[in-house]
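For what it's worth, this note's numbering labels the leading residue of the sequence shown as 531, then goes sequentially. Notes follow the structure.
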Amino acid sequence: MKKLSGKTAFITGAAMGLGEGIAKVYAGYGANLLLADINPKVEQVAKELNEQYGVETVTAVIDVADAKSCKAAAQKGIEKFGKFDILCAIAGVCKLENFLEMSEEDLDFHINVNIKGVWNTTKAVLPYMLENKGGNIVVMSSVTGDLVADPGEVAYALSKAALIGFTKALAVEYAPQNIRVNAIQLGYARTPMAERIAMQSNPDDPEAVLTEMAKSIPMRRLGLPTEVGELAAFLGCSESSYITGSQFVIDGGSTLPESVSVGV
Ligand SMILES: NC(=O)c1ccc[n+]([C@@H]2O[C@H](COP(=O)([O-])OP(=O)(O)OC[C@H]3O[C@@H](n4cnc5c(N)ncnc54)[C@H](O)[C@@H]3O)[C@@H](O)[C@H]2O)c1
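What follows is the structure, encoded as structure tokens:
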């Protein structure tokens, strides 16, 4: 039996990038999936996973910043599967901007999607998990904000650091009800978001940004969405049954170097 067989997972941000990679790993481990995204491409992802892995899939095209549509999506999942075992709150946005040029709209954009999006999806799913006497919530934070940052990331960093507080507070509140909550702190994986960040950093040569990024990482490469998927699957399954309120850095060692000049 596969480690997620018989489980139902709600994954947001599943149309591309990490959410898609996580959905693929979850499907490979036998989970049935409610896949949500603001981009209708999520329907194609669901169709492919259904065909490739034989798992049941449902989709919801929603804006996670809108609490009502998150609830409607969860309802759709419950009608199909009757329960939720896992929530992977992955949908997120990042726009680089100089702090003084960052508008209130830019700040709200990060807060609404990155913080309220996780808040809304968790609120939509948690009552069903309580009904089911347990569940696992996997929150996509970042190394950015809590551990490191690059210029232009103030709004993004504050939103991702906030998710660490969210994870810990929710974990301690619901541990007695057998709800586990853990956060993933990723360095860089090559996704449409990473490519957009590279484009914002150097519109003339975004590929050079990604190449330099890889060089600065001790493992000399960016992560793969499926590598993040393996961590998310571990956190979502019973192998991690005594882990809650924890932060997991997955970064190829990117947060390790103390300097770029010292060493043998
Ligand atoms: N890529 C990285 O290197 C990296 C590193 C650390 C953390 N993260 C985090 O991982 C998550 C996924 O990142 P990614 O690189 O796959 O990004 P991406 O932009 O490649 O994909 C994000 C997905 O989320 C969806 N989405 C965006 N706003 C939404 C909304 N309001 N409602 C519903 N869906 C929405 C997009 O349509 C897209 O499918 C984000 O939370 C990001 O902050 C990414």
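Note that beta-carbon positions come from the ideal geometry of N, C-alpha and C, so glycine has one too.
Residues bridged to residue i (per DSSP)
i, result
"I541", "L565 and C618"
"Q715", "V779"
"R710", "N666"
"T587", "L563"
"V678", "T674"
"G753", "A719"
Option in the options with minimal Cα separation from residue i
i, options, result
"P722", "F764, G549 and F540", "G549"
"L656", "K571, S731, I714 and K601", "K601"
"G783", "V678, Q730 and Y772", "V678"
"V712", "K610, P681, R751 and S671", "Reading the sequence as shown, one finds Asn at residue 712 and not Val. The shortest Cα separation from N712 among K610, P681, R751 and S671 belongs to S671."
"A762", "T589, I773, C618 and D676", "C618"
"N709", "V739, I747, V588 and N666", "A quick correction: the sequence has Ile, not Asn, at residue 709. With distances taken between Cα atoms, I709 lies closest to N666."
"Q574", "D593, I552 and A544", "A544"
"P787", "E757, T741 and M749", "M749"
"V669", "T652, D680, N662 and K663", "T652"
"D676", "E757, T785, T538 and A561", "T785"
"A728", "L626, T538, N580 and V591", "L626"
Alpha-carbon spacing of residue i relative to residue j, whole angstroms
i, j, result
"V790", "A705", "42 Å"
"S599", "K646", "13 Å"
"G558", "Q582", "9 Å"
"D735", "M743", "13 Å"
"K554", "G759", "8 Å"
"S633", "Y718", "26 Å"
"E701", "A692", "First, the amino acid is wrong: residue 701 is Ala here, not Glu. Whole-angstrom Cα-Cα distance: 14 Å."
"I616", "L565", "12 Å"
"T674", "E769", "27 Å"
"C624", "E683", "8 Å"
"S499", "E631", "A query on residue 499 cannot be resolved here, the shown segment of the chain reaching from 531 to 794 and no further."
"G775", "L688", "19 Å"
"P570", "I780", "29 Å"
"N650", "G793", "46 Å"
"F611", "R726", "36 Å"
"A724", "F696", "24 Å"
"N642", "S731", "24 Å"
"E586", "M531", "16 Å"
"E635", "T542", "23 Å"
"E578", "V572", "10 Å"
"H640", "A595", "10 Å"
"L637", "A685", "6 Å"
"I747", "K698", "28 Å"
"I620", "L752", "18 Å"
"A540", "A738", "Per the sequence presented here, residue 540 reads as Phe, with Ala not at that position. Answer to the nearest angstrom: the Cα atoms are 36 Å apart."
"F629", "D680", "12 Å"
"K613", "T741", "43 Å"
"D567", "A603", "10 Å"
"G560", "G622", "25 Å"
Supposed contact pair residue j and residue i - C-beta distance, whole angstroms, cut 8 Å
i, j, result
"L660", "Q707", "6 Å"
"Q715", "F764", "Contact flag wrong, Cβ pair sits at about 14 Å."
"C767", "L563", "The Cβ separation is near 14 Å, so there is no contact."
"G551", "P755", "2 Å"
- [ ] Write down every uninterrupted run of the alpha helix (DSSP H) in the segment 725–775 whose length is 4 residues or greater and which is fully enclosed by it, in chain order.
- [x] List check, alpha helix (DSSP H) in window: 736–746 and 755–766.
- [ ] Could you name each continuous beta strand (DSSP E) segment of 3 residues or more that falls completely within the segment 610–656, going from the start of the chain to the end?
- [x] Counting whole runs of 3 or more residues, the segment 610–656 contains the beta strand (DSSP E) stretches 616–619.
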